[in-house]
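S.K.: Residue numbers (the working numbering): 8 to 268.
All C-beta atoms, glycine included, are put in the ideal place defined by N, C-alpha and C.
Sharing a structure below in C-alpha coordinates format, with a few things to ask.
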Amino acid sequence: MNPQEPMQPQQQPQQPTYGGIPPMTPPAQPSSSMSSQHTPMQPIGSQSPQPASPQIDYLGGPSREDRHEYSIDYLNKIAPKEQRNINKFAVFGLIGGVLLTAIFALILMTRSGGPSPNAQLPIVASRINTLQAVTAEQQPHLNVNQISEANAALRTTLSTMNTDITAIMKERKLKADKDLTAKETAYREKLSKSLNDSHQRGTLNRTYTSQMRYELTLLRSQVVTLKKAGSTDAIKKLCNNGIENIDLILKSYASFDASKS
8 MNPQEPMQPQ
18 QQPQQPTYGG
28 IPPMTPPAQP
38 SSSMSSQHTP
48 MQPIGSQSPQ
58 PASPQIDYLG
68 GPSREDRHEY
78 SIDYLNKIAP
88 KEQRNINKFA
98 VFGLIGGVLL
108 TAIFALILMT
118 RSGGPSPNAQ
128 LPIVASRINT
138 LQAVTAEQQP
148 HLNVNQISEA
158 NAALRTTLST
168 MNTDITAIMK
178 ERKLKADKDL
188 TAKETAYREK
198 LSKSLNDSHQ
208 RGTLNRTYTS
218 QMRYELTLLR
228 SQVVTLKKAG
238 STDAIKKLCN
248 NGIENIDLIL
258 KSYASFDASK
268 S
(Lines of atoms letter the chains of each structure in order from A and count residues from 1; the text may use other names and numbers.)
(Lines give C-alpha, C1' and ligand atoms only; values in the text may rest on other atoms or scores of the structure.)
Protein backbone atom coordinates (compact mmCIF):
# COMPACT_ATOMS: atom_id res chain seq x y z
CA MET A 1 0.00 0.00 0.00
CA ASN A 2 1.12 3.45 -0.90
CA PRO A 3 0.93 5.66 2.09
CA GLN A 4 0.15 8.60 -0.10
CA GLU A 5 -2.98 7.15 -1.51
CA PRO A 6 -6.01 7.73 0.47
CA MET A 7 -7.62 4.68 2.18
CA GLN A 8 -10.26 3.22 -0.02
CA PRO A 9 -13.25 1.60 1.46
CA GLN A 10 -13.05 -2.15 1.37
CA GLN A 11 -15.13 -3.45 -1.50
CA GLN A 12 -17.54 -6.25 -0.96
CA PRO A 13 -17.08 -9.26 -3.15
CA GLN A 14 -19.61 -9.36 -5.89
CA GLN A 15 -21.80 -12.37 -6.22
CA PRO A 16 -21.74 -14.01 -9.55
CA THR A 17 -24.67 -13.60 -11.87
CA TYR A 18 -26.37 -16.41 -13.75
CA GLY A 19 -27.68 -15.57 -17.14
CA GLY A 20 -27.91 -11.90 -16.46
CA ILE A 21 -30.20 -12.40 -13.49
CA PRO A 22 -29.04 -10.45 -10.50
CA PRO A 23 -28.82 -12.40 -7.29
CA MET A 24 -31.62 -12.13 -4.77
CA THR A 25 -30.84 -10.18 -1.71
CA PRO A 26 -32.27 -11.82 1.43
CA PRO A 27 -34.57 -9.61 3.39
CA ALA A 28 -33.24 -8.02 6.47
CA GLN A 29 -33.97 -10.02 9.61
CA PRO A 30 -35.10 -8.11 12.64
CA SER A 31 -32.74 -8.10 15.48
CA SER A 32 -33.18 -10.55 18.31
CA SER A 33 -33.84 -7.71 20.67
CA MET A 34 -36.89 -6.57 18.68
CA SER A 35 -38.32 -10.09 18.46
CA SER A 36 -38.03 -10.64 22.14
CA GLN A 37 -40.05 -7.48 22.79
CA HIS A 38 -43.08 -8.55 20.74
CA THR A 39 -43.14 -12.36 21.29
CA PRO A 40 -43.07 -13.35 24.92
CA MET A 41 -41.54 -16.72 25.70
CA GLN A 42 -44.06 -19.39 26.59
CA PRO A 43 -43.25 -21.77 29.41
CA ILE A 44 -42.50 -25.32 28.46
CA GLY A 45 -45.53 -27.62 28.63
CA SER A 46 -48.10 -24.81 28.73
CA GLN A 47 -48.79 -24.75 25.03
CA SER A 48 -52.19 -26.30 24.17
CA PRO A 49 -52.14 -28.97 21.46
CA GLN A 50 -53.23 -27.70 18.11
CA PRO A 51 -55.83 -29.72 16.20
CA ALA A 52 -54.36 -31.67 13.39
CA SER A 53 -55.26 -30.33 10.03
CA PRO A 54 -57.59 -32.62 8.10
CA GLN A 55 -55.95 -34.80 5.55
CA ILE A 56 -56.98 -33.99 2.06
CA ASP A 57 -57.13 -36.70 -0.50
CA TYR A 58 -56.27 -34.98 -3.74
CA LEU A 59 -57.37 -38.04 -5.73
CA GLY A 60 -61.03 -37.38 -4.87
CA GLY A 61 -61.62 -40.66 -2.86
CA PRO A 62 -63.14 -40.93 0.63
CA SER A 63 -60.96 -39.90 3.50
CA ARG A 64 -59.82 -42.22 6.27
CA GLU A 65 -62.67 -41.02 8.48
CA ASP A 66 -65.22 -41.81 5.77
CA ARG A 67 -63.80 -45.24 5.16
CA HIS A 68 -64.00 -46.02 8.88
CA GLU A 69 -67.80 -45.65 8.77
CA TYR A 70 -68.11 -48.83 6.74
CA SER A 71 -67.82 -51.11 9.76
CA ILE A 72 -67.96 -54.89 9.77
CA ASP A 73 -71.55 -54.94 11.03
CA TYR A 74 -72.68 -52.76 8.18
CA LEU A 75 -70.92 -54.94 5.65
CA ASN A 76 -72.52 -58.01 7.16
CA LYS A 77 -75.95 -56.47 6.79
CA ILE A 78 -75.57 -55.65 3.13
CA ALA A 79 -73.86 -58.94 2.32
CA PRO A 80 -76.08 -61.52 0.56
CA LYS A 81 -77.55 -64.12 2.90
CA GLU A 82 -76.26 -67.65 2.62
CA GLN A 83 -79.00 -70.00 1.53
CA ARG A 84 -79.08 -73.32 3.38
CA ASN A 85 -80.19 -76.32 1.44
CA ILE A 86 -82.71 -78.52 3.29
CA ASN A 87 -82.25 -82.24 2.96
CA LYS A 88 -85.63 -83.44 1.74
CA PHE A 89 -84.81 -87.06 2.47
CA ALA A 90 -84.16 -86.23 6.13
CA VAL A 91 -87.50 -84.40 6.41
CA PHE A 92 -89.41 -87.26 4.82
CA GLY A 93 -87.62 -89.75 7.06
CA LEU A 94 -88.56 -87.78 10.18
CA ILE A 95 -92.22 -87.57 9.16
CA GLY A 96 -92.28 -91.26 8.34
CA GLY A 97 -90.76 -92.16 11.71
CA VAL A 98 -93.40 -90.15 13.59
CA LEU A 99 -96.21 -91.78 11.62
CA LEU A 100 -94.87 -95.29 12.22
CA THR A 101 -94.56 -94.62 15.95
CA ALA A 102 -98.14 -93.35 16.14
CA ILE A 103 -99.47 -96.37 14.20
CA PHE A 104 -97.54 -98.79 16.41
CA ALA A 105 -98.88 -97.16 19.58
CA LEU A 106 -102.43 -97.30 18.20
CA ILE A 107 -102.06 -101.01 17.43
CA LEU A 108 -100.85 -101.71 20.97
CA MET A 109 -103.76 -99.80 22.48
CA THR A 110 -106.24 -101.64 20.27
CA ARG A 111 -104.84 -105.06 21.10
CA SER A 112 -104.55 -104.43 24.82
CA GLY A 113 -108.14 -103.27 25.37
CA GLY A 114 -107.45 -102.82 29.10
CA PRO A 115 -105.66 -104.82 31.79
CA SER A 116 -104.56 -108.36 31.05
CA PRO A 117 -106.35 -111.28 32.77
CA ASN A 118 -103.17 -112.21 34.62
CA ALA A 119 -103.12 -108.73 36.18
CA GLN A 120 -106.85 -108.74 37.01
CA LEU A 121 -107.19 -112.26 38.45
CA PRO A 122 -105.24 -111.58 41.71
CA ILE A 123 -107.28 -108.42 42.32
CA VAL A 124 -110.62 -110.23 42.00
CA ALA A 125 -109.40 -113.18 44.06
CA SER A 126 -108.21 -110.92 46.88
CA ARG A 127 -111.55 -109.10 47.07
CA ILE A 128 -113.48 -112.39 47.06
CA ASN A 129 -111.41 -113.59 50.02
CA THR A 130 -112.07 -110.32 51.88
CA LEU A 131 -115.85 -110.48 51.45
CA GLN A 132 -115.90 -114.20 52.21
CA ALA A 133 -114.22 -113.57 55.57
CA VAL A 134 -116.44 -110.60 56.46
CA THR A 135 -119.73 -112.35 55.61
CA ALA A 136 -118.73 -115.39 57.67
CA GLU A 137 -117.85 -113.15 60.62
CA GLN A 138 -121.15 -111.24 60.55
CA GLN A 139 -123.49 -114.18 59.89
CA PRO A 140 -124.20 -114.87 63.62
CA HIS A 141 -124.99 -111.18 64.21
CA LEU A 142 -127.79 -111.00 61.61
CA ASN A 143 -131.14 -111.68 63.36
CA VAL A 144 -133.45 -110.68 60.50
CA ASN A 145 -134.43 -113.71 58.38
CA GLN A 146 -134.38 -111.96 54.99
CA ILE A 147 -130.94 -110.44 55.64
CA SER A 148 -129.58 -113.67 57.07
CA GLU A 149 -130.80 -115.72 54.08
CA ALA A 150 -129.35 -113.22 51.61
CA ASN A 151 -126.06 -113.30 53.46
CA ALA A 152 -125.99 -117.12 53.39
CA ALA A 153 -126.58 -117.07 49.62
CA LEU A 154 -123.80 -114.54 49.26
CA ARG A 155 -121.40 -116.75 51.20
CA THR A 156 -122.19 -119.67 48.88
CA THR A 157 -121.61 -117.53 45.79
CA LEU A 158 -118.31 -116.22 47.13
CA SER A 159 -117.16 -119.72 48.01
CA THR A 160 -117.90 -121.01 44.50
CA MET A 161 -116.15 -118.05 42.89
CA ASN A 162 -113.14 -118.51 45.16
CA THR A 163 -112.82 -122.18 44.18
CA ASP A 164 -113.01 -121.43 40.46
CA ILE A 165 -110.61 -118.47 40.48
CA THR A 166 -108.10 -120.32 42.64
CA ALA A 167 -107.98 -123.14 40.08
CA ILE A 168 -107.43 -120.66 37.24
CA MET A 169 -104.63 -118.87 39.09
CA LYS A 170 -102.98 -122.16 39.98
CA GLU A 171 -103.00 -123.18 36.34
CA ARG A 172 -101.43 -119.86 35.36
CA LYS A 173 -99.05 -119.93 38.34
CA LEU A 174 -100.31 -116.58 39.63
CA LYS A 175 -100.17 -115.20 43.16
CA ALA A 176 -101.05 -111.88 44.72
CA ASP A 177 -97.97 -109.77 45.35
CA LYS A 178 -97.05 -108.33 48.73
CA ASP A 179 -98.37 -104.85 48.01
CA LEU A 180 -101.78 -106.14 46.93
CA THR A 181 -101.97 -108.48 49.93
CA ALA A 182 -101.11 -105.70 52.38
CA LYS A 183 -103.59 -103.32 50.76
CA GLU A 184 -106.42 -105.87 50.82
CA THR A 185 -105.68 -106.85 54.42
CA ALA A 186 -106.00 -103.23 55.52
CA TYR A 187 -109.26 -102.93 53.58
CA ARG A 188 -110.72 -106.06 55.25
CA GLU A 189 -109.78 -104.87 58.74
CA LYS A 190 -111.39 -101.49 58.16
CA LEU A 191 -114.61 -103.04 56.82
CA SER A 192 -114.80 -105.55 59.66
CA LYS A 193 -114.30 -102.86 62.28
CA SER A 194 -117.07 -100.72 60.79
CA LEU A 195 -119.58 -103.61 60.84
CA ASN A 196 -118.59 -104.66 64.37
CA ASP A 197 -119.13 -101.10 65.57
CA SER A 198 -122.62 -101.18 64.05
CA HIS A 199 -123.31 -104.45 65.85
CA GLN A 200 -122.21 -102.91 69.17
CA ARG A 201 -124.58 -100.00 68.62
CA GLY A 202 -127.45 -102.34 67.66
CA THR A 203 -127.74 -100.94 64.12
CA LEU A 204 -126.18 -103.78 62.13
CA ASN A 205 -129.45 -104.92 60.51
CA ARG A 206 -129.99 -101.40 59.14
CA THR A 207 -126.45 -100.76 57.94
CA TYR A 208 -125.41 -104.22 56.77
CA THR A 209 -127.53 -104.31 53.63
CA SER A 210 -126.44 -100.89 52.42
CA GLN A 211 -122.79 -101.66 53.13
CA MET A 212 -122.90 -105.01 51.34
CA ARG A 213 -124.70 -103.52 48.35
CA TYR A 214 -121.79 -101.12 48.00
CA GLU A 215 -119.21 -103.93 48.37
CA LEU A 216 -120.96 -106.22 45.86
CA THR A 217 -121.23 -103.39 43.34
CA LEU A 218 -117.45 -102.92 43.49
CA LEU A 219 -116.86 -106.67 43.15
CA ARG A 220 -119.22 -106.88 40.18
CA SER A 221 -117.28 -104.08 38.44
CA GLN A 222 -114.01 -105.98 38.94
CA VAL A 223 -115.55 -109.19 37.56
CA VAL A 224 -116.83 -107.33 34.48
CA THR A 225 -113.31 -105.99 33.85
CA LEU A 226 -111.89 -109.51 34.18
CA LYS A 227 -114.48 -110.82 31.72
CA LYS A 228 -113.43 -108.22 29.12
CA ALA A 229 -109.75 -109.05 29.58
CA GLY A 230 -110.16 -112.85 29.69
CA SER A 231 -110.26 -115.05 26.62
CA THR A 232 -110.54 -118.58 28.04
CA ASP A 233 -113.76 -120.48 28.68
CA ALA A 234 -112.90 -120.95 32.35
CA ILE A 235 -112.62 -117.19 32.94
CA LYS A 236 -115.83 -116.48 31.02
CA LYS A 237 -117.73 -119.13 33.01
CA LEU A 238 -116.40 -117.74 36.30
CA CYS A 239 -117.43 -114.22 35.41
CA ASN A 240 -120.87 -115.04 33.98
CA ASN A 241 -121.90 -117.17 36.96
CA GLY A 242 -120.51 -114.65 39.43
CA ILE A 243 -122.29 -111.67 37.84
CA GLU A 244 -125.59 -113.56 37.73
CA ASN A 245 -125.47 -114.56 41.41
CA ILE A 246 -124.31 -111.11 42.55
CA ASP A 247 -127.24 -109.50 40.73
CA LEU A 248 -129.72 -111.80 42.53
CA ILE A 249 -128.29 -110.92 45.93
CA LEU A 250 -128.32 -107.20 45.14
CA LYS A 251 -132.02 -107.44 44.27
CA SER A 252 -132.69 -109.17 47.57
CA TYR A 253 -130.95 -106.41 49.53
CA ALA A 254 -132.72 -103.73 47.52
CA SER A 255 -136.15 -105.22 48.19
CA PHE A 256 -135.43 -105.39 51.93
CA ASP A 257 -134.36 -101.76 52.02
CA ALA A 258 -137.51 -100.79 50.10
CA SER A 259 -139.75 -102.62 52.58
CA LYS A 260 -138.19 -100.76 55.52
CA SER A 261 -138.40 -97.29 53.96
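(1) Please return the same chain residues whose Cβ sits closer than 6 Å to the Cβ of L161, not counting the five positions on each side in sequence.
(2) Could you please give the first and the last residue of the uninterrupted alpha helix (DSSP H) stretch that includes D254?
(3) Tell me whether S166 sits in a helix, a strand or coil according to DSSP, three-state version.
(4) Would you mind working out which of L211, Q229, A241, C246 sits nearest P147, comparing C-alpha positions?
(5) Using beta-carbon positions only, say whether I3 and Y260 come within less than 9 Å of one another.
(6) Looking at C-alpha atoms only, which residue of L149, D240, A109, Q139 is the closest neighbour of T166?
(7) Do R213 and K267 count as a contact pair if the criterion is CB distance below 9 Å?
(8) For a quick check, are the C-beta atoms of E191 and T137 less than 9 Å apart?
(9) Excluding five sequence neighbours on each side, which residues of the same chain lie with their C-beta closer than 8 Å to the C-beta of M184?
(10) DSSP three-state label for L2, please.
(11) Classify G209: buried if its beta carbon has 16 or more other beta carbons within 10 angstroms, exposed otherwise.
(12) By Cβ distance, which residues of its chain are closer than 6 Å to T164, with the 5 residues on each side in sequence left out?
(13) Measure the C-alpha to C-alpha separation of A157 and G237 and round it to an integer number of angstroms.
(14) DSSP on K234, reduced to helix/strand/coil?
(15) For D171, which residues of its own chain have a beta-carbon under 6 Å away from its beta-carbon, when the five flanking residues on both sides are left out?
(16) Short of 7 Å in beta carbon distance, which residues of its chain neighbour V230, apart from the five on each side in sequence? Order them along the chain.
(17) Helix or strand or just coil, what does DSSP make of D186?
M.R.: Let's see:
(1) So the qualifying residues of the chain are T142, I256.
(2) That run of the alpha helix (DSSP H) goes 240-267.
(3) In the structure shown, S166 sits in a helix (DSSP, three-state: H, G or I).
(4) The residue with the shortest Cα to Cα distance from P147 is L211.
(5) One cannot answer for residue 3 here, as it falls past the ends of the chain, which runs 8 to 268.
(6) Per the sequence shown, residue 166 should be read as Ser rather than Thr. Cα-wise, what sits closest to S166 is Q139.
(7) Yes, the pair counts as a contact, with Cβ atoms nearer than the cut-off.
(8) The answer is yes: Cβ separation under 9 Å.
(9) Sequence check: residue 184 is Asp here, not Met. Only P129 meet the Cβ criterion.
(10) An answer regarding residue 2 cannot be provided, because it is not within the stretch 8 to 268 covered by the chain.
(11) By the 10 Å Cβ count, G209 comes out exposed.
(12) Only N252 meet the Cβ criterion.
(13) C-alpha of A157 to C-alpha of G237: approximately 29 Å in a straight line.
(14) Reduced to three states, the DSSP call for K234 is helix.
(15) Shown here for D171: same chain residues with a beta carbon closer than 6 Å to its own, the five before and five after excluded, namely L245 in chain order.
(16) These residues qualify, in order along the chain: V131, C246, G249, I250.
(17) D186 falls in the helix class under three-state DSSP.
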